[in-house]
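Enquirer: Just dropping this structure here.
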Amino acid sequence: MSDNLNATFNNADAIVGIVVALPEELSTLTSSKLRQGECRRFGNNWIAYGGAGPINAAKAARTLLEKGAQRLMSWGCAAGLSGQLKPGDLLIPTRIIAADRNYAADGNWTADTIQSLSPILPVHEGHLFTSGTLISDSREKQRIHQQSQAMALDMESTAIAEVASQALLPFLAIRVIADPVEMNLPQAVQHALNADGRAELPKLLRYLLLHPAEISGLIRLGLHFHAARKTLKLVARQLSLPEPHKNQ
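Residue 259 in the numbering used here sits at position 119 of the sequence shown, with consecutive numbering throughout.
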């Protein structure tokens with residue numbers, strides 16, 4: 141490894157490119173509004189709002205490299221696969237795995253992050269599984285856990301890790317649990333999601349008018365998501381990332 145590349149891996153001041161999939165995740169880092177596909181610099185960090193799924197995530201990660209990012213971070217929420225993880229719990233994965241490939245998170249960056257966060261909240265370590273499609277069924281989440289031993293699930297981190305690996309740059313994922321393993325996502329959410337992973341309000345309301353029993357599940361999911369966002373904001377402050385609700 142060249143001296144320049146070693147310096148990038150060990151330099152705490154290296155420019156970090158952060159990929160988020162959803163506007164709700166973006167809001168835990170900054171109050172600034174970004175359009176999907178847009179990225180913007182905040183201090184020593186670039187943030188890209190890519191949209192949900194691996195294709196969007198990879199595109200956002202490559203854009204961040206073009207902007208000069210020297211490290212890549214996957215930021216946001218995840219589904220629990222292990223019963224050990226509850227809504228609001230933080231996972232710093234040591235390895236990101238998918239059905240056909242896997243990548244290790246950068247060891248030094250991971251260790252430094254865990255050391256920084258451990259004094260203020262519990263940090264779970266383990267594997268993070270990435271799926272190319274939304275996994276909504278509790279039984280399917282349990283099956284993935286049994287086969288992979290992964291603790292949580294998302295749709296973007298493997299794609300971001302792959303871009304980082306190809307560029308020979310460090311990668312880190314920070315994921316907080318929203319829906320736990322025992323929870324099925326409400327059918328209303330699945331019905332209302334568009335191709336970018338966002339729930340379209342008109343579709344959601346129409347579905348709820350016809351299926352009012354879904355409302356309780358949505359409320360429960362909203363409470364879980366609130367707990368996840370609260371943890372993400374705490375992590376952002378502790379790591380001196382762009383702070384939420386502050387004009388940059």
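For each residue, glycine too, the CB sits at the ideal point set by N, CA and C.
(1) Specify whether the segment 220-230 and the segment 288-307 touch according to this definition: at least 3 beta carbon pairs, one from each stretch, less than 8 Å apart.
(2) Start and end of the beta strand (DSSP E) containing Asn185?
(3) Note the first and the last residue of the continuous beta strand (DSSP E) segment covering Val321.
(4) Could you give the residue range of the beta strand (DSSP E) that holds Gly220?
(5) Let me know if Glu302 comes out buried or exposed under the rule of 16 or more other beta-carbons within 10 Å of its beta-carbon.
(6) Assign Glu165 to one of three DSSP states: helix, strand, or coil.
(7) Quick check: Gly266 and Ala367, are their CB atoms within less than 8 Å of each other?
(8) Decide if Asp281 is buried, meaning its Cβ has at least 16 other Cβ atoms within 10 Å, or exposed.
(9) Near Ala299, what residues of its chain come up, given a Cβ to Cβ distance below 6 Å and the 5 sequence neighbours on each side ignored?
(10) Counting along the chain, where does the alpha helix (DSSP H) carrying Gly157 start and finish?
(11) Taking only the alpha-carbon atoms, compute the straight-line gap between Gly208 and Leu308 and give it to the nearest angstrom.
(12) Taking all protein chains shown into account, decide if Ile236 is buried (16 or more other Cβ within 10 angstroms of its Cβ) or exposed.
(13) Under the assumption that Ile158 contacts Asn185 (Cβ atoms under 8 Å), give the Cβ distance between them as a whole number of angstroms.
(14) In its own chain, which residues sit with a C-beta less than 7 Å from the C-beta of Ser256, not counting the 5 before and 5 after it?
(15) How big is the Cα-Cα spacing for Thr253 and Ala245?
(16) May I have a chain-ordered list of the alpha helix (DSSP H) segments no shorter than 4 residues that lie completely inside the segment 248-330?
(17) Just to confirm my understanding: we take Thr270, look at its own chain, exclude 5 residues before and 5 after, and list those with CB closer than 8 Å. What are they?
(18) As a quick exercise: from Ile187, Pro320, Ser305, pick the residue whose alpha carbon is nearest that of Ala218.
(19) Cα separation between Asp240 and Leu212?
(20) What residues are listed by DSSP as bridge partners for Ile232?
(21) So for Arg180, helix, strand or coil by DSSP?
Expert: The structure says:
(1) yes
(2) 185-189
(3) That residue, Val321, is in no beta strand (DSSP E); it is neither H nor E in DSSP.
(4) 211-220
(5) buried
(6) helix
(7) no
(8) Reading off the sequence, residue 281 comes out as Lys, not Asp. With 16 or more Cβ atoms within 10 Å of its Cβ, Lys281 is classed as buried.
(9) Pro194, Ala197, Ala198
(10) It is not in any alpha helix (DSSP H) - Gly157 instead sits in the beta strand (DSSP E) that spans 156-160.
(11) 14 Å
(12) buried
(13) 6 Å
(14) Gln378, Leu379
(15) 12 Å
(16) 278-288, 297-306
(17) Pro194, Ile236, Ile237, Ala238, Leu293, Asp294, Met295, Glu296, Ser297, Thr298, Ala299
(18) Pro320
(19) 21 Å
(20) Glu265
(21) strand
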